[in-house]
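A short worksheet on the structure shown next.
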Amino acid sequence: MKMHDLQPKHKRKERKRIGRGTRKRGTYSGRGIKGQRARAGVSELAFFSGGGPTLAGKGDKIVHKLRGEGNNVPSRNMNKWRRAINIEDLDTHFNDGDEVSVNALYEKGLIPKTVYEVKILGRGSSQKRFRFQDVQVSKSVWNQYSVS
């Protein structure tokens with residue numbers, strides 16, 4: 011056996027004969043009817059859209075449509091700067107009587123630096139009591155775990 015005697019197991023795929031006759035790949039040859047893209051030697055720019063305003067030109071109109079309060083906030087994704095922490099997480103990281111604040115939560119590694127609004131929720135349980143400073147607290151947590 012020699013290299014030129016080797017044959018693939020599967021049959022080689024025949025190329026499509028386009029533009030021969032009036033059947034499936036004939037006549038318009040997959041180019042549609044008329045227009046710039048139907049002609050020979052077509053080469054359009056990447057973002058060309060029929061001679062209208064360019065993408066940069068449309069920018070003003072796109073920005074103008076983004077009205078409303080939702081587009082003036084720092085980020086559309088609220089989770090980037092707002093977090094919820096459960097009381098069970100505080101139990102493992104804080105001691106009895108400790109102050110729970112945004113800075114303290116950051117130092118303990120419970121929230122990233124970008125978060126500046128935190129709410130403490132009541133999932134889990136704890137025997138400790140905490141002093142809450144500059145964080146929102148759910149009613150159940152406030153009644154059970156806050157130091158007056």
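Residues in the sequence shown are numbered consecutively from 11, following our numbering.
By construction, the Cβ of each residue, glycine as well, lies at the ideal position given by its N, Cα and C atoms.
Here the structure is a predicted model, which means the values were calculated and not measured.
- Between residue 52 and residue 63, the alpha-carbon positions lie close to 21 Å from each other.
- The Cβ atoms of residue 93 and residue 121 lie closer than 8 Å to each other.
- For residue 98, the uninterrupted alpha helix (DSSP H) segment begins and ends at 97–103.
- By alpha-carbon distance to residue 95, the top candidate from 127, 123, 105 and 107 is 127.
- The residues 100, 104, 108, 110, 155, 156 and 157, in chain order, have a CB closer than 7 Å to that of residue 140 in the same chain once the five nearest residues on each side in sequence are set aside.
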